[in-house]
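Read in order, the letters of the sequence shown correspond to residues 1 to 84 in full-length UniProt numbering. No residue lacks a Cβ here, since even glycine has one placed at the ideal position from N, Cα and C. If you're wondering where the values come from, they're calculated on a predicted model, not measured in any experiment. One structure below.
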Amino acid sequence: MPVIESSIQRVRTNEKAQARRASQLSSYRTQVKKFVAAAAAGADNAQDLYVAASSAIDKAVSKGLIKKNKASRDKSRLAAKLSK
Numbered sequence: 001m002p003v004i005e006s007s008i009q010r011v012r013t014n015e016k017a018q019a020r021r022a023s024q025l026s027s028y029r030t031q032v033k034k035f036v037a038a039a040a041a042g043a044d045n046a047q048d049l050y051v052a053a054s055s056a057i058d059k060a061v062s063k064g065l066i067k068k069n070k071a072s073r074d075k076s077r078l079a080a081k082l083s084k
């Protein structure tokens with residue numbers, strides 16, 4: 001544990017930021033998994049879940065959780081699953 005006050009504050013801030021990023025990343029992954037499961041099962045609400053997953057991917061990019069190219073690749077793969 002650091003001794004300097006500003007270092008202690010940075011540790012506290014970094015822990016909060018890491019928890020926030022983990023939560024946001026988890027919700028993004030959850031949305032994608034819901035869509036993949038629905039698409040595999042041929043559910044009726046697959047289109048709605050695709051929109052939600054696509055939105056979650058865009059939010060993850062805007063927050064800096066994933067890169068633009070990964071988002072584009074993921075959305076392309078989800079669209080392919082939807083059209084099957």
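Starting from the C-beta of Q24, find all residues in its chain whose C-beta is less than 8 Å away, skip the five residues before and the five after it, and write them out in chain order. K59, A60, K63 and L65
Is it true that the stretch 10 to 27 meets the stretch 68 to 81, where meeting means three or more beta-carbon pairs spaced less than 8 Å apart? no
D74 classed as buried or exposed, judged by whether at least 16 other C-beta atoms fall within 10 angstroms: buried
Using beta-carbon positions only, say whether Q31 and A52 come within less than 8 Å of one another. yes
Compare the Cα-Cα distances from Y28 to each of A56, S83, Y50 and A40 and report the closest residue. Taking the Cα of Y28 as reference, the smallest distance to any Cα among A56, S83, Y50 and A40 is reached at A56.
Assign V11 to one of three DSSP states: helix, strand, or coil. helix
Does DSSP put A71 in a helix, in a strand, or in coil? helix
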